[in-house]
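Here the numbering used here is used: the first residue of the sequence shown is 96, the next is one more, and so on.
For each residue, glycine too, the CB sits at the ideal point set by N, CA and C.
Everything numeric in this text was worked out from a predicted model, so none of it was measured.
Comments concern the structure below.
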Amino acid sequence: MGSIALTALLERYRALKDAIAAAAQEAGRDSASVELLAVSKMHPAEPVAELLAAGHRHFGENRVQEAAGKYPALRETYPDLCLHLIGPLQTNKVRDAVALFDVIETLDRPKLAAALSKEMALTGRRIPCLIEVNIGAEPQKAGIAPEEAEDFLARCRGDWQLDIAGLMCIPPAGEDPAPHFRRLAALAADLGLTDLSMGMSGDYREAIACGATRIRVGTALFGRRD
Ligand SMILES: *Cc1c(COP(=O)(O)O)cnc(C)c1O
C-alpha cells in the first residue's frame with residue numbers, strides 16, 4: 096500500500112488536532128468538546144478548500160468583504176461548511192454579514208444588536224451570536240464590560256430577540272491570558288452560557304485548560320500572514 100505524502104498544511108492540521116486532544120485530556124475534558132475554528136483571514140481559498148476536502152468544516156474570518164470574496168464558491172461544493180465572523184462588524188455591513196456567516200462572534204454593542212435583530216427579522220435568517228467581552232477592561236478595545244454582560248445579555252434576548260450562544264474574548268496582548276480565560280469562563284457559567292470562544296495560536300492550550308469550547312487558530316495552521 097503506497098502512502099500518500101501529506102501536504103504541509105494537512106500535517107499541521109493533524110498535529111494541531113493531536114495537540115488539542117492532548118490539551119483536552121490533560122484538562123480532563125473530552126476532546127470532542129473543543130471545536131477548532133480555522134482562521135483563514137488573509138489566506139487564499141486554496142488551503143481552505145484543502146481542509147474542507149480533508150473533512151474540516153468550521154472556519155473563521157475577520158472581514159465581511161474578504162469572506163464574501165472567498166466563501167460563496169466554497170459553499171457551493173460544501174454547503175455544510177460553518178463560517179464564523181470573528182472580527183469587528185460595522186452596522187452598514189450587517190446585511191452582508193447575516194447573508195454570509197453562520198455565527199457572529201463579535202456582538203459588542205447595543206447598536207449592532209439592534210441592527211442584527213432588524214436584519215434577521217427582515218430576512219427570516221436567524222443565526223446565533225456570541226457576546227464579545229472586553230475581559231481585560233482595555234479602554235481602546237471592543238467588547239461589553241464584564242460587569243455589563245448580564246444586562247446586555249438580557250436586552251439581546253428580550254429587546255432584540257437574538258439567539259445568544261455564548262461569550263468570546265481576546266485577552267490583552269502581553270499578559271498571561273489564563274486569568275482572563277478563567278474570568279470569561281466564570282462569567283459564562285454565571286450567565287448560564289456554555290459556548291466559550293477563546294484561545295488563538297499562541298495560547299489555545301491554556302484556553303482549553305480554562306474551559307474553551309472553541310479555539311480560533313490561524314497562524315499555527317495556515318502559516319504567517321503578510
Ligand atoms: C486573527 C485572529 C485569530 C487567529 O490568530 P492566530 O494567532 O493567527 O491564531 C483569532 N481570533 C481573532 C479574533 C483574530 O482576529
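Subject >> Simplified DSSP assignment, three categories, for A260 >> reply: Three-state result, A260: strand.
**OP:** Answer yes if the region 231-238 comes into contact with the region 212-222, meaning at least three C-beta pairs across the two stretches below 8 angstroms, and no otherwise.
**Re:** Note that the region 212-222 does not touch the region 231-238; fewer than 3 beta-carbon pairs, one per stretch, sit closer than 8 angstroms.
**OP:** Say yes only if the C-beta of N229 is nearer than 7 angstroms to one or more non-hydrogen atoms of ligand 1, and no if none qualify.
**Re:** no
Subject >> Range covered by the beta strand (DSSP E) that runs through A133 >> reply: E130 to V134
Subject >> Integer-rounded CB distance, given that L225 should sit under 8 angstroms from D197 >> reply: Their Cβ separation, rounded to whole angstroms, is 12 angstroms, which puts D197 and L225 out of contact at 8 angstroms.
Original post:
Is R384 helix, strand or coil when you go by DSSP?
Top reply: The chain is shown only over 96 to 321; residue 384 falls outside these bounds and no answer can be derived.
Subject >> Reference P272; option with closest CA among F154, T172, H138 and C305 >> reply: That would be C305, whose Cα lies nearest to the Cα of P272.
Original post:
According to the Cβ coordinates, are A127 and H151 closer than 8 angstroms?
Top reply: no
Subject >> Closest by C-alpha distance to R221, when choosing among V228, I199 and I230 >> reply: I199
Subject >> Three-state secondary structure (DSSP) of T388 >> reply: Residue 388 is absent from the structure shown; the chain starts at 96 and stops at 321.
**OP:** Within the same chain, show all residues whose beta-carbon is closer than 6 angstroms to that of Y166, passing over the 5 residues directly before and after it, in chain order.
**Re:** The answer, listed in chain order, is L178.
Original post:
Which residues mark the beginning and the end of the alpha helix (DSSP H) in which V228 is found?
Top reply: Counting along the chain, V228 falls outside any alpha helix (DSSP H), and DSSP gives it neither H nor E.
Original post:
What residue from C264, A268, D285 and A284 has the CA that sits closest to F276's CA?
Top reply: Residue C264 is the option with its Cα nearest to F276.
Original post:
Just the Cα atoms here: how many angstroms apart are A280 and G182?
Top reply: 21 angstroms
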